[in-house]
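Below is one structure, written out as structure tokens, with a few remarks after it.
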Amino acid sequence: MVITLLVNMGANYNACDYRLETPLHKAIQQVRLDKVKVLRKLGANINMVNKDGLTALHMAAFSMLSLFCHFLTTIDDEYGKDICDIDALDNSGRTAHYMTAYSGSMCCLYELVAAASVTTDDEEEIIL
Numbered sequence: 001m002v003i004t005l006l007v008n009m010g011a012n013y014n015a016c017d018y019r020l021e022t023p024l025h026k027a028i029q030q031v032r033l034d035k036v037k038v039l040r041k042l043g044a045n046i047n048m049v050n051k052d053g054l055t056a057l058h059m060a061a062f063s064m065l066s067l068f069c070h071f072l073t074t075i076d077d078e079y080g081k082d083i084c085d086i087d088a089l090d091n092s093g094r095t096a097h098y099m100t101a102y103s104g105s106m107c108c109l110y111e112l113v114a115a116a117s118v119t120t121d122d123e124e125e126i127i128l
């Protein structure tokens, strides 16, 4: 793949454009899971934000890309131990959960809730 070739020649896979978007942001915009996988395998920083404070996960959630959301929030030996910070806030204070709920994608919401680390110090029993 061209990405691997460029990195082997010294290209920075975390390089940013004028909007502070990385190749990972661009791969999400192009709906190219193959590129996202290669970038993650190479060690791309999956929590970098663009000038609007959006991570790759924010973009995947807003675009209703549930497979991308799953891939970005899952630890995988082949693709690395780093996962997206699902609680990251953009410049307007929105999380990927908010973006998913706003876009109306139940599949993405399921992926994010499944990946969430819900903890509480409250000793009261919570009945759902």
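Using UniProt numbering, the first residue of the sequence shown is number 1, and each one after it goes up by one. Positions of the beta carbon are idealized from the N, C-alpha and C atoms, including for glycine. Given the structure is predicted, the values throughout are model-derived calculations rather than measurements.
Start and end residues, alpha helix (DSSP H) containing residue i
i      : result
ARG40  : 33 to 42
LEU24  : 23 to 29
TYR98  : 96 to 103
ALA60  : 56 to 62
VAL113 : 106 to 115
Distance CB(residue i)-CB(residue j) smaller than 8 Å
i      : j      : result
VAL36  : PHE71  : yes
ILE28  : PHE68  : yes
ILE86  : ALA101 : no
SER105 : SER66  : yes
MET48  : ASN14  : yes
MET99  : ALA61  : yes
ASP90  : ASP52  : yes
THR73  : ALA44  : no
ILE46  : ASP76  : no
Residue i CB to nearest heavy atom of the ligand FMN below 7 Å
i     : result
LYS26 : Absence of the ligand FMN from the depicted structure is noted, as is the absence of any ligand whatsoever, leaving it without description.
Given 8 Å as the limit, is there contact between the stretch 54 to 67 and the stretch 20 to 38, that is, 3 or more CB pairs closer than that? The answer is yes - the stretch 20 to 38 touches the stretch 54 to 67, with three or more Cβ pairs under 8 Å.
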